[in-house]
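With our numbering applied, the sequence shown corresponds to residues 112 to 277, in that order.
Backbone N, C-alpha and C define an ideal beta-carbon position, used for all residues, glycine too.
The structure displayed is predicted, hence computed values, not measured ones.
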Amino acid sequence: MPVVNSEIVDNLIYYTLPDGHGLLPGDEVHMEIDWQRRYRLMRLHFAAELILELIMRELHMEKIGAHIAETKARIDFIYHENISFIFEKLLTQYNQIIKADKPIKTDFSDVNSQRRYWEIEGFSKVPCGGTHVKSTAEVGFITLKRINIGSAKERIEIRLASSDCH
Ligand SMILES: [Zn+2]
112 MPVVNSEIVD
122 NLIYYTLPDG
132 HGLLPGDEVH
142 MEIDWQRRYR
152 LMRLHFAAEL
162 ILELIMRELH
172 MEKIGAHIAE
182 TKARIDFIYH
192 ENISFIFEKL
202 LTQYNQIIKA
212 DKPIKTDFSD
222 VNSQRRYWEI
232 EGFSKVPCGG
242 THVKSTAEVG
252 FITLKRINIG
262 SAKERIEIRL
272 ASSDCH
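Below, the structure written as structure tokens:
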């Protein structure tokens, strides 16, 4: 049965199954992760986080949204010009970090509240409770596309350059 939704409430994870699942409280279930999907999401998630960290070093702007899907990620900003002028510089820095195969360290900053962070060499700790790959080389190269989504609203779309899966 597919899991149609999941949410965390007070450190417990609740899964929603389709109607008619027939399960009763206490029934044992066997669960499997859709690894191909998960792995793409993990790679795109980190690519988006790294791009966000890098771009915020260059430009002071407000992030107004972000979304990670299986084939692409996006980050939206308030910015008054075409943001693509920064892409070449951004990708040069990004590619250096990917090629350097830096370990991505993750840990709890506070176990009780389940607060976690990731950290790579040269960056301060970034608070995030998501799932992360183990090194920057796993994330791989990306392409960036700029989309204008309204007045003074700029979107960066991120896609993995290679979709191969481990
Ligand atoms: Zn993260």
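| Query | Result |
| --- | --- |
| Looking at ligand 1, does it come within less than 7 angstroms of I243, judged from the CB to the closest heavy atom? | This sequence places His at residue 243; Ile is not what is there. Yes, ligand 1 has a heavy atom inside 7 angstroms of this Cβ. |
| Is the shortest distance between the beta-carbon of K216 and the beta-carbons of chain C less than 8 angstroms? | Among the chains in the structure shown there is no chain C, since it carries only a single protein chain. |
| Here's the rule I'm using: 16 or more other beta-carbon atoms within 10 Å means buried, otherwise exposed. How should I124 be labelled? | exposed |
| What's the gap between the Cα of R227 and the Cα of G133? | 36 angstroms |
| Go ahead and pull the three-state DSSP assignment for I186. | strand |
| Could you tell me the alpha carbon to alpha carbon distance between D145 and M153, rounded to whole angstroms? | 12 angstroms |
| From G176 to M142, what distance separates their C-alpha atoms? | 32 angstroms |
| Please list the segments of the beta strand (DSSP E) lying wholly inside the stretch 123-191, counting only runs of 3 or more residues, in order along the chain. | 123-127, 173-179, 184-189 |
| Assuming contact is defined by CB atoms lying nearer than 8 angstroms, are Y190 and M172 in contact in what I supplied? | yes |
| Tell me, please, which residues DSSP counts as bridged to D221. | R226 |
| Measure how close the beta-carbons of A159 and I269 come, nearest whole angstrom, since I'm counting them as under 8 angstroms. | 6 angstroms |
| Kindly confirm or deny that the stretch 257-273 and the stretch 220-234 touch, where touching means at least three C-beta pairs closer than 8 angstroms. | no |
| What span of residues does the beta strand (DSSP E) with K210 cover, start to end? | Here K210 belongs to no beta strand (DSSP E); instead the alpha helix (DSSP H) covers 198-210. |
| Less than 6 angstroms between C-beta atoms, sequence neighbours within five positions excluded: which residues of the same chain meet that for T127? | V115, N116 |
| Could you check if E139 is buried or exposed, using at least 16 other CB atoms within 10 Å of its CB as the buried criterion? | exposed |
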